[in-house]
Amino acid sequence: MSKQYVMGNGAIALGALKAGVNLVAGYPGTPSSEIIETVAKYPHEGTYVEWSVNEKAAMEVAAAAAYCGARAMVTMKQVGLNVASDPLMSLAYVGVKGGMVVVSADDPGPISSQTEQDTRRFAEFARIPVFDPSSPEEAFDMVQEAFVCSEKYKTPVILRPTTRVDHAYASIDAPDTFKAKEYEGFVKDSKKWVIFPRLSYLNHAMIEKRNVEIGEEFSSCRFNTVSGDSNKAVIATGVSYAYAAEYLKDHPEIRLIKVGTPHPLPERFLLKALEGVSEALCFEELSPYIEESLLKLIGKHHLELDVRGKLTGDVPPSGENDADSARRIISRFLGMEFDETGADHAGAPQPPMRPPVLCAGCPHRASFYAVKRAMKGKKAVFCGDIGCYTLGNAMPLDMVDTCLCMGAGVTMAQGFDHMDPDAVSFAFVGDSTFFASGITGVVNAVYNAADMILCVLDNSTTAMTGHQPHPGTGRNLMATPVEKVSIEKILLAVGVEKVVTVDPLDLDAAIAAVKECAALKGVKAIIFKSPCVAITKPDKKLRVDSETCIGCLRCIKEIGCPALSVTDGKAVIDENLCTGCGLCAKLCPVNAIGGAEG
Amino acid sequence: MKKDIMICGVGGQGTVLASKIIAASAMDEGSAVHSAETIGMAQRGGSVTSHVRIGEGAYSPLIPVGGADLLIAFEPSEAVRNLRYLKKDGFVIVNRVPVKPTTLGSSEGYDGKEEIAFLQSKCDCLVVDSDALCAPFGSSKFFNVAVIGAAAGTGKLGIGADTIRNTIVRIVPERFQEKNLAAFDAGSKIGVNQYANQ
Chain Y
167 MSKQYVMGNG AIALGALKAG VNLVAGYPGT PSSEIIETVA KYPHEGTYVE WSVNEKAAME
227 VAAAAAYCGA RAMVTMKQVG LNVASDPLMS LAYVGVKGGM VVVSADDPGP ISSQTEQDTR
287 RFAEFARIPV FDPSSPEEAF DMVQEAFVCS EKYKTPVILR PTTRVDHAYA SIDAPDTFKA
347 KEYEGFVKDS KKWVIFPRLS YLNHAMIEKR NVEIGEEFSS CRFNTVSGDS NKAVIATGVS
407 YAYAAEYLKD HPEIRLIKVG TPHPLPERFL LKALEGVSEA LCFEELSPYI EESLLKLIGK
467 HHLELDVRGK LTGDVPPSGE NDADSARRII SRFLGMEFDE TGADHAGAPQ PPMRPPVLCA
527 GCPHRASFYA VKRAMKGKKA VFCGDIGCYT LGNAMPLDMV DTCLCMGAGV TMAQGFDHMD
587 PDAVSFAFVG DSTFFASGIT GVVNAVYNAA DMILCVLDNS TTAMTGHQPH PGTGRNLMAT
647 PVEKVSIEKI LLAVGVEKVV TVDPLDLDAA IAAVKECAAL KGVKAIIFKS PCVAITKPDK
707 KLRVDSETCI GCLRCIKEIG CPALSVTDGK AVIDENLCTG CGLCAKLCPV NAIGGAEG
Chain L
250 MKKDIMICGV GGQGTVLASK IIAASAMDEG SAVHSAETIG MAQRGGSVTS HVRIGEGAYS
310 PLIPVGGADL LIAFEPSEAV RNLRYLKKDG FVIVNRVPVK PTTLGSSEGY DGKEEIAFLQ
370 SKCDCLVVDS DALCAPFGSS KFFNVAVIGA AAGTGKLGIG ADTIRNTIVR IVPERFQEKN
430 LAAFDAGSKI GVNQYANQ
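Respectively, the protein sequence lines represent chains Y and L.
For the first sequence, the positions run 167 to 764 when the working numbering is used.
For the second sequence, the positions run 250 to 447 when the working numbering is used.
Given below as structure tokens:
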């Protein structure tokens, strides 16, 4: 055993390894990505780990392991659970043999996500148990407990951390090496493993009966706690509990209730914890899940209890809670004062806005710019997708008209074509997103005879989430090298007639490729191939010759590279950021930009 | 020891490594540590913060407003943006060199000078210059380690310089160690001088 200072996601990984997990699969997505990376990094014997092409694939790979009696964990961000919901909903009916834990990381804020959806709702919808950790330490314990619960009740179990738990660091006592547990192997039984209406009917009844039992067991679970005895109670969940506990640490008399297992609701625990309480504040993030559960409980048991929370406007309906909002909201509820004397910051100058942008030298900038130049003056719609390249929406590029969900850019470009055939429909999709959910859309577009241009922004990695490998990279988590899956061959195989591969940093060739494709009918594809600058060594850095620079600022106005800024009316390049991609030099009308040494 | 340290800057400046080094060093000295990072989309040139909480009694990973003993800012406007997290008598270490936002318009005129003057008028602070400090090392990428040196030098960090040097040796790849240690020492010198002047 040794102390490991790890992120919450690392704690989840170590907890699973300690539980002897046999198989771990997932798809990268902030804030969940480091779980799989940690599993792969620690010495483990007999544990298979993979980045799957998407969350649905991961869920199904893991389900098979659980059918074998092995322990399986699948990881994703909350919107990934939408992708994996098809297998999960059915798996909830079929059940498992080995423990199966589904980690779905929620993102209050949202900080790096499309939605503020609440995975606790998904657990209730799928009628399966969910654990909700309030700290990395608790996440480490909960994942182990979740495997036990899963095996005992033969059901997949969800662990629902949130960003602040995933990305918080804490010390965990963990073994130095791990060994996967023994498992029986798959035992054929079609009455058990083949889902049919009759089986679902029978299992549905069993599940409802079982959930009452789990709720009863959760009522004695160590993750549900109560302290203090005041008649006003604060009920908190997840990291919100940590904020509340810190604020109330000098007020041990205040009744503070933590619900770590929101579904099935630990009714007996709550009824006991709320004895003598006249008013309860539900301090939770995302949806008013506990608040609504409590209202049901009150109705069911005819309790005299005033419930405050999101539904009453005491807690904001959206966004994340933090230590500060905990103080304000809880003190207001309790009628307490709190000391807010921080450093004097009155009269502070307004700090500049810093929207996230594509990195200096990012090849996506060149790809977008090439399409923009080629389509200048023409009617076109630019469908974006999920990844770093969503940032192509920012001014001055302004090249992302839509972004919906993983893979949607491809299919939406097709839809726009049917509604407005005069406009050229573009879909921008990254290489990892292409493998995750882009291919089906291309088949759909070819089959339905759409006119559109698919732009695959191939930077040979999954950049936004921390450079995970994918099928096109030639390596996976168990072996390297593996056969690279060719995007070009896939496109040709599904019937895309024109497939051009071009280096976006070769601006003239890139513009010519776009123009050529725009003149053709059918589905065309351009693979803009250039590696991510975050994983390659920078080229010779560039410098602006201030004597030659005429201050037209075309370089800044057209491409928005963060290495470029204005000083005394002229462009300057921050050599610490410049990668030498040369895009700015190509559009300088007076050739003022050149090699730093030159 | 109980200490809340906030580190702030712009995505890409290396705040995450700085917080890792401080956290690991505090643990080596026997303290309980919790910390939190900005990870994800905001890392692409957005405002980023790291919260490092040393000592018992930190239930949550985030420092409350008005709770930080020390604010280490890699950029002037980010120091101003996060000043509300500082305690009444807290200490600020701030880099004088601005990172101009990419969007034209909002970047015009911003040079960080007004921000530095504001900080100096409001609180006890040490202003450092990443360009000058890192010039001998050939890249401002070493600022994250240099600024920890400055913080340690002032004594406001509450962690021994030797402990931090050991951490650097442990977690920084070998080929960068020499420059990182030199950057740490250069920062430390500035911090010590500041402290001696007070």
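Don't be surprised by glycine CBs; every beta carbon is placed ideally from N, CA and C.
Cross-chain neighbours of residue i in chain L, by beta carbon under 9 Å
{"i": "Y:Thr507", "result": "Gly315, Lys336 and Lys337"}
{"i": "Y:Asp272", "result": "Here the premise fails: no neighbours, minimum Cβ distance about 13 Å."}
{"i": "Y:Arg493", "result": "Pro313 and Val314"}
{"i": "Y:Ala593", "result": "Under the 9 Å cutoff, chain L gives no residues; its nearest Cβ is about 21 Å from Y:Ala593."}
Cβ separation of residue i and residue j, assumed to be a contact under 8 Å, to the nearest whole Å
{"i": "Y:Pro521", "j": "L:Gly295", "result": "7 Å"}
{"i": "Y:Val262", "j": "Y:Thr241", "result": "That belief does not hold up - the Cβ atoms of Y:Val262 and Y:Thr241 are roughly 17 Å apart, past 8 Å."}
{"i": "Y:Pro697", "j": "Y:Ser626", "result": "5 Å"}
{"i": "L:Ala400", "j": "L:Gly440", "result": "6 Å"}
{"i": "Y:His333", "j": "L:Ile288", "result": "5 Å"}
{"i": "L:Ser280", "j": "L:Ile254", "result": "Not quite, the Cβ-Cβ distance comes to about 12 Å (not below 8 Å), so this is no contact."}
{"i": "Y:Gly404", "j": "Y:Pro299", "result": "7 Å"}
{"i": "Y:Phe313", "j": "Y:Leu247", "result": "With 8 Å as the limit, Y:Phe313 and Y:Leu247 do not qualify as a contact, their Cβ atoms being about 19 Å apart."}
{"i": "Y:Val215", "j": "Y:Val190", "result": "5 Å"}
{"i": "Y:Lys169", "j": "Y:Asp339", "result": "6 Å"}
{"i": "Y:Lys703", "j": "Y:Gly761", "result": "Rounded, the Cβ-Cβ distance is 16 Å, inconsistent with contact."}
{"i": "L:Val394", "j": "L:Asn429", "result": "5 Å"}
{"i": "Y:Ala589", "j": "Y:Lys545", "result": "4 Å"}
Terminal residues of the beta strand (DSSP E) in which residue i lies
{"i": "Y:Asp307", "result": "Note, Y:Asp307: premise wrong, no beta strand (DSSP E); alpha helix (DSSP H) at Pro302 to Tyr319."}
{"i": "Y:Gly604", "result": "Element bounds for Y:Gly604: n/a, residue is neither H nor E."}
{"i": "Y:Lys664", "result": "Lys664 to Val668"}
{"i": "Y:Tyr171", "result": "Ser168 to Met173"}
{"i": "Y:Phe266", "result": "The displayed chain sequence assigns Met, not Phe, to residue 266 of chain Y. Here the beta strand (DSSP E) through Y:Met266 covers Met266 to Ala271."}
{"i": "Y:Asp624", "result": "Met618 to Asp624"}
First and last residue of the uninterrupted alpha helix (DSSP H) at residue i
{"i": "Y:Gln244", "result": "Gln244 to Val249"}
{"i": "Y:Cys750", "result": "Leu749 to Leu753"}
{"i": "Y:Phe548", "result": "That residue, Y:Phe548, is in no alpha helix (DSSP H); its beta strand (DSSP E) goes Ala546 to Cys549."}
{"i": "Y:Ile201", "result": "Glu200 to Lys207"}
{"i": "L:Ile397", "result": "Phe392 to Thr403"}
{"i": "Y:Arg326", "result": "Y:Arg326 -> no alpha helix (DSSP H), and no H or E assigned at all."}
Within chain L, the residues that residue i reaches when beta carbons sit closer than 7 Å
{"i": "Y:Val523", "result": "Arg293, Gly294 and Thr351"}
Contact set between residue i and chain Y, taken where Cβ atoms lie within less than 8 Å
{"i": "L:Ser274", "result": "The premise fails here: L:Ser274 is roughly 11 Å from chain Y at the closest Cβ pair, so nothing lies under 8 Å."}
{"i": "L:Leu430", "result": "Within chain Y, no residue comes near L:Leu430; the closest Cβ sits about 21 Å away, beyond 8 Å."}
{"i": "L:Val259", "result": "Arg520"}
{"i": "L:Leu332", "result": "Ala509, His511 and Ala514"}
{"i": "L:Ala285", "result": "Arg330, His333, Ala334 and Tyr335"}
Contacts that residue i makes with chain Y (C-beta to C-beta distance below 7 Å)
{"i": "L:Arg424", "result": "What L:Arg424 touches in chain Y: nothing, since even the nearest Cβ is about 13 Å away."}
{"i": "L:Ser280", "result": "Chain Y residues near L:Ser280: none, gap ~10 Å exceeds 7 Å."}
Neighbouring residues, chain Y, relative to residue i (Cβ below 9 Å)
{"i": "L:Lys390", "result": "Asn742"}
Proximal chain L residues relative to residue i, where beta-carbon distance stays under 8 Å
{"i": "Y:Tyr171", "result": "Ala272, Ala273, Met276 and Val282"}
{"i": "Y:Pro515", "result": "Ser326, Val329, Glu363, Glu364 and Phe367"}
beta-carbon residue i near the ligand NAD non-hydrogen atom, thresh 6 Å
{"i": "L:Asn442", "result": "By its list of ligands, the structure shown contains no ligand whatsoever, and the ligand NAD lies outside what it can speak to."}
Near-chain L residues of the segment 315–342 of chain Y (beta-carbon distance less than 9 Å), N- to C-terminal order: Thr329, Arg330, Val331, Asp332, His333, Ala334, Tyr335, Ala336 and Ser337
Interface residues of the segment 299–323 of chain L facing chain Y [CB-CB below 8 Å]: Gly306, Ala307, Tyr308, Ser309, Pro310, Leu311, Ile312, Pro313, Val314, Gly315 and Gly316
Given 8 Å, three or more beta-carbon pairs between the segment 670–680 of chain Y and the segment 520–535 of chain Y: yes
Residues of the segment 727–748 of chain Y with Cβ closer than 7 Å to any Cβ of chain L, in chain order: For the segment 727–748 of chain Y, the beta-carbon criterion of a distance under 7 Å to any beta-carbon of chain L is satisfied by Pro728, Ser731, Val732 and Asn742.
Contacting positions in the segment 356–380 of chain L - beta carbon closer than 8 Å to chain Y: Ser356, Glu357, Tyr359, Glu363, Glu364, Phe367, Lys371 and Cys372
Under 7 Å (Cβ pairs) to chain L, residues found in the segment 405–426 of chain Y: Within the segment 405–426 of chain Y, the qualifying residues are Val405, Ala408, Tyr409, Ala411, Glu412 and Lys415.
Contact residues within the segment 552–581 of chain Y, judged by C-beta distance below 9 Å to chain C: Among the protein chains of the structure shown, namely Y and L, there is no chain C.
The segment 621–636 of chain Y contacting the segment 685–703 of chain Y, beta-carbon criterion three pairs below 8 Å: Segment contact: the segment 621–636 of chain Y against the segment 685–703 of chain Y, three or more CB-CB distances shorter than 8 Å; contact assigned.
Segment contact flag, the segment 471–489 of chain Y with the segment 439–452 of chain Y, C-beta cutoff 8 Å, min 3 pairs: yes
Residues from the segment 391–402 of chain L in contact with chain Y, defined by Cβ distance under 8 Å: none
Inter-stretch contact at 8 Å, needing at least 3 Cβ pairs: the segment 388–400 of chain Y / the segment 419–429 of chain Y: yes
Cβ-based contacts, 9 Å cut-off: residues of the segment 475–494 of chain Y near chain L: Asp488, Ala489, Asp490, Ala492 and Arg493
Touching by the beta-carbon criterion (3+ pairs, under 8 Å), the segment 251–262 of chain Y and the segment 306–323 of chain Y: yes
Cβ contact (3+ pairs, closer than 8 Å) linking the segment 318–329 of chain L and the segment 357–374 of chain L: Under the three-pair Cβ rule at 8 Å, the segment 318–329 of chain L counts as touching the segment 357–374 of chain L.
Cβ contact check for the segment 655–668 of chain Y and the segment 709–723 of chain Y: 3 or more pairs under 8 Å: no
Meets three-Cβ-pair contact criterion under 8 Å: the segment 295–311 of chain Y and the segment 348–359 of chain Y: Because the criterion of three Cβ pairs below 8 Å is not met, the segment 295–311 of chain Y and the segment 348–359 of chain Y do not touch.
Stretch pair the segment 371–380 of chain L + the segment 411–426 of chain L: three plus CB contacts closer than 8 Å: These segments do not touch.
Segment contact, 8 Å Cβ cut-off, at least three pairs: the segment 679–686 of chain Y with the segment 595–607 of chain Y: no
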